[in-house]
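Under my numbering, the residues of the sequence shown are numbered 41 to 473, in order. We put the beta carbon where it would ideally sit given N, CA and C, even for glycine. All values derive from a computational prediction rather than experimental measurement. Here's the structure we're looking at; comments come further down.
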Amino acid sequence: MDDGWLRRALATKRDGGMLDAQTWRRIVAGYVGGAIDDAPVAALAMACTIRGMHDDEILALTDAMVASGDVLAFDNAAVVVDKHSSGGVGDTVSLVVVPLVAACGVPVAKLSGRALGHTGGTLDKLEAIPGLRTALSPAAFRAQIERIGCAIAAQSERLVPADKLLYALRDRTGSVPSVGLIAASIVSKKIAGGAGAIVFDVKVGGGAFMRTEREAIELATTMVRLAERSGRRASAIVTDMDEPLAANVGTGLEAIEARDYLRGGAPADSRFGRLTGIVAQEMLRVGGVPEAEIVPRLTAALRGGAGYERFVALVEAQGGSRGALEALAPAAPASAVSAAADGYVRAIDAVAIGEAARDLVAAHGPLAGIRIAAPVGTYVRAGQPLAEIAGATGVERVAEAFTLGSVRPAERSLVVALIRDATFAPSSNPPNR
Ligand code: URA
């Protein structure tokens, strides 16, 4: 094969130049089809990581990746919304907002992932509900959204096969942390999943993959621009992930937290409650709901129980039952993690809590995990509970995740940045590709 064009493309990227859309298409098609092997693609990914990518290149790569597999299209008259979180600890926002937003009249097609490292995965949390399936065929996924307005499913092998190959190669060759490659990877999957509008929740802090605000804002802004240039409405929220978001950490415990929140059992002013409200409002906004109707619709769906009923409908449609959902309870025995001295909770190591919860679930099943009793900023007396462990092992490890001190910690903002672009056209359906 004459691969002179490929050598020239690599040299261009190595020297900080730009590749045109046709070259990106040729590379992606060649790699997926087997005509191009790993070596040049790994070199290209590394050159992108070091040199960066122009917006036009990210768009061209995204288009080429979408074209590598199937693309879902929905018959719904309304714009179908998806939501993406870059991964955190105790982040069970998706299980709440998907049915809640659907109950407000905006369909939600949520393609989710599994746990990665210390962060939890939405699919694992849902599968803690006995009988529930997340492996839906594209046809079943589409039919469920058209019938009940929402579904949460695993990414089908047939959507964006290029991403699977490319992500695995980047993982092996040190080129995961490229804003352009991450944005193309995430946005291509959302587009192929049929989303007409997308809300990105980009986490930043010690428990997130993005450690600095600058990186998180750059990724969030790039994804919003990319989605908009792809004809989708989009906004991004950059949010703090320095401590676990919700009180419960662990697959089944997080499903219980979502269930109870939708049933009105959790305080709306907690960090989890506030972020859930903010994400749901953004989803309704990009879904085309008029500004004045957003909060009233959400309040009615939450208080009137329509959000919870939609969650039950989703669980039943995916093989679970109301009875199984309502019977979920934390694993016994429980043991308390207590404060060794008086003081303020100054920090909770989200990575340590995420890893401890993952190990508890592996050892004792999906209903094991950690419930944080004293979030950051709480004043505790010696002997008072900091956390409770369902499954009972790992008390010392969880205790070590807490830092206590005599000085009250400064309050961290939950929302670091909100990136919206008001230029999208109201209520137009995006092209299906
Ligand atoms: N998540 C993705 O889906 N892709 C990336 O490249 C990084 C995180």
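| field | Contiguous alpha helix (DSSP H) assignments of at least 4 residues, all confined to the region 159-204 | value | 162-167, 178-188
| request: Pull up the distance between the alpha-carbon of residue 357 and that of residue 447, whole angstroms please. | output: Taking the sequence shown and counting its residues from 1, one reaches residue 357 at position 317. Taking the sequence shown and counting its residues from 1, one reaches residue 447 at position 407. Each residue's Cα considered, the two are about 50 angstroms apart.
| message | Ignoring anything shorter than 4 residues, give me the alpha helix (DSSP H) runs that lie fully in the region 426-463, in order along the chain. | response | 435-440
| From residue 409 to residue 382, what does the alpha carbon distance come to, in whole angstroms? | Within the sequence shown, residue 409 is the residue found at index 369, counting from 1. Within the sequence shown, residue 382 is the residue found at index 342, counting from 1. Answer to the nearest angstrom: the Cα atoms are 25 angstroms apart.
| message | Measuring only from the beta carbon, is residue 226 closer than 6 angstroms to any heavy atom that is part of the ligand URA? | response | Working through the sequence shown from its first residue, we reach residue 226 at position 186. Yes, the Cβ of residue 226 comes within 6 angstroms of a heavy atom of the ligand URA.
| task | Compute the Euclidean distance between the alpha carbons of residue 225 and residue 371, then round it to the nearest angstrom. | result | Walking along the sequence shown from the start, residue 225 turns up at place 185. Walking along the sequence shown from the start, residue 371 turns up at place 331. The alpha-carbon atoms of residue 225 and residue 371 are separated by roughly 37 angstroms.
| For residue 418, which of helix, strand or coil comes out of DSSP? | The residue labelled residue 418 in the question sits at position 378 within the sequence shown. Correct three-state label for residue 418: coil.
| field | Span of the beta strand (DSSP E), counted from its first residue to its last, around residue 273 | value | Here residue 273 corresponds to residue number 233 of the sequence shown, with the count starting at 1. Start and end: 273-280.
| said: Using C-beta distances below 7 angstroms, list every residue in its chain close to residue 178, excluding the 5 sequence neighbours before and after it, in chain order. | reply: The residue you call residue 178 lines up with position 138 of the sequence shown. So the qualifying residues of the chain are 110, 112, 196, 198.
| field | Inter-residue Cα distance where the pair is residue 340 and residue 247 | value | To locate residue 340, count along the sequence shown from 1; it is residue 300. To locate residue 247, count along the sequence shown from 1; it is residue 207. Those two C-alpha atoms are separated by around 33 angstroms.
| request: Can you check DSSP and say which residues form a bridge with residue 486? | output: Since the displayed the chain opens at 41 and closes at 473, residue 486 lies outside it and no answer follows.
| Cβ separation of residue 284 and residue 445, assumed to be a contact under 8 angstroms, to the nearest whole Å | Here residue 284 corresponds to residue number 244 of the sequence shown, with the count starting at 1. Here residue 445 corresponds to residue number 405 of the sequence shown, with the count starting at 1. Between residue 445 and residue 284 the Cβ distance is about 19 angstroms, and since that is not below 8 angstroms, they are no contact.
| message | Tell me the residue span of the alpha helix (DSSP H) that contains residue 383. | response | Residue 383 sits at position 343 when you count from the first residue of the sequence shown. No alpha helix (DSSP H) holds residue 383; the beta strand (DSSP E) holding it covers 383-388.
| Outcome for residue 62 when other beta-carbon atoms lying within 10 angstroms are tallied against a minimum of 16 | On the sequence shown, position 22 is the one that residue 62 refers to. Exposed, because fewer than 16 other Cβ atoms sit within 10 Å of the Cβ of residue 62.
| Using a Cβ-Cβ cut-off of 7 angstroms (strictly less than) and excluding sequence neighbours within five positions of residue 155, which residues of its own chain qualify? | Taking the first residue of the sequence shown as 1, we reach residue 155 at position 115. Cβ neighbours of residue 155 beyond the five flanking positions: 161, 164, 398.
| Are the region 133-146 and the region 114-125 touching by the rule of at least three beta carbon pairs closer than 8 angstroms? | yes
| query | At a cut-off of 6 angstroms, is residue 98 close to the ligand URA when judged by its beta-carbon and the heavy atoms of the ligand? | reply | By 1-based counting over the sequence shown, the position of residue 98 is 58. Checking every heavy atom of the ligand URA against the Cβ of residue 98, none is found closer than 6 angstroms.
| query | By how many angstroms is the C-alpha of residue 420 removed from the C-alpha of residue 230? | reply | For the purposes of this step, residue 230 is identified with residue 190 of the sequence shown, where counting begins at 1. For the purposes of this step, residue 420 is identified with residue 380 of the sequence shown, where counting begins at 1. Spanning the two alpha carbons is a distance of roughly 44 angstroms.
| message | Taking a contact to mean a Cβ-Cβ separation below 7 angstroms, would you say residue 148 touches residue 190 in this structure? | response | Here the question's residue 148 lines up with position 108 in the sequence shown. Here the question's residue 190 lines up with position 150 in the sequence shown. Yes, they are a contact pair.
| query | Would a C-beta distance cut-off of 7 angstroms place residue 416 and residue 427 closer than the cut-off? | reply | Within the sequence shown, residue 416 is the residue found at index 376, counting from 1. Within the sequence shown, residue 427 is the residue found at index 387, counting from 1. No, the Cβ-Cβ distance between residue 416 and residue 427 is not below 7 angstroms.
| Mind checking whether residue 412 and residue 220 have CB atoms under 7 angstroms apart? | Sequence index remark: in the sequence shown, residue 412 carries index 372 (1-based). Sequence index remark: in the sequence shown, residue 220 carries index 180 (1-based). Contact: no.
| said: Using C-beta distances below 6 angstroms, list every residue in its chain close to residue 422, excluding the 5 sequence neighbours before and after it, in chain order. | reply: For the purposes of this step, residue 422 is identified with residue 382 of the sequence shown, where counting begins at 1. 379, 381, 382, listed in sequence order.
| task | Please report how far the alpha carbon of residue 95 lies from the alpha carbon of residue 44, in whole angstroms. | result | Here the question's residue 95 lines up with position 55 in the sequence shown. Here the question's residue 44 lines up with position 4 in the sequence shown. Approximately 25 angstroms, taken between the alpha carbons.
| field | residue 472 (DSSP reduced to helix, strand or coil) | value | As a first step, residue 472 is located in the sequence shown; it is residue number 432 there, counting from the start. Confidence at residue 472 is low in this model, with a pLDDT of 23, below 50, so its placement is unreliable and the value that follows should be read with caution. It is coil, neither helix nor strand.
| field | Buried or exposed (CB count within 10 angstroms, at least 16 for buried), residue 280 | value | Here residue 280 refers to the residue found at position 240 when the sequence shown is read from its first residue. The residue is buried, with at least 16 neighbouring Cβ atoms inside 10 Å.
| field | Beta-carbon separation (whole angstroms), residue 86 vs residue 200, contact threshold 8 angstroms | value | The count along the sequence shown starts at 1 and reaches residue 86 at position 46. The count along the sequence shown starts at 1 and reaches residue 200 at position 160. Residue 86 to residue 200, Cβ: 21 angstroms. No contact.
| query | Going by DSSP, what residues sit across from residue 376 in a beta bridge? | reply | In the sequence shown, residue 376 corresponds to position 336, counting from 1. For residue 376, which the question treats as bridged, DSSP gives the partners 428.
| task | List in chain order: all unbroken alpha helix (DSSP H) runs of 4+ residues lying wholly within the region 192-262. | result | 201-213, 219-232
| So which of 313, 273, 265 has the shortest CA-CA distance to residue 288? | Here residue 288 refers to the residue found at position 248 when the sequence shown is read from its first residue. For residue 288, the nearest C-alpha among the options comes from 313.
| field | 4-residue-minimum alpha helix (DSSP H) runs that sit fully inside the region 53-108, ordered along the chain | value | 61-73, 78-91, 95-106
| task | Please list, in chain order, all residues of the same chain as residue 348 whose beta carbon is under 6 angstroms from its beta carbon, the five residues on each side excluded. | result | Looking up residue 348 in the sequence shown gives position 308. So the list reads 302, 303, once near-sequence residues are dropped.
| request: Identify whether residue 43 lies in helix, strand or coil by the three-state DSSP scheme. | output: Stepping through the sequence shown from its first residue, residue 43 is reached at position 3. Residue state, collapsed to three classes: coil.
| query | Looking at the structure shown, is residue 309 part of a helix, part of a strand, or coil, going by DSSP? | reply | Translated into positions along the sequence shown, residue 309 becomes position 269. Looking at residue 309 - three-state DSSP - the assignment turns out to be coil, as it is neither helix nor strand.
| task | Compute the beta-carbon to beta-carbon distance between residue 120 and residue 271, rounded to the nearest angstrom, for a pair I have assumed lies under 8 angstroms. | result | The sequence position of residue 120 within the sequence shown is 80, counting from 1. The sequence position of residue 271 within the sequence shown is 231, counting from 1. With 8 angstroms as the limit, residue 120 and residue 271 do not qualify as a contact, their Cβ atoms being about 13 angstroms apart.
| message | With DSSP as the reference, identify every bridge partner of residue 149, one or two as the case may be. | response | Here residue 149 refers to the residue found at position 109 of the sequence shown. 191.
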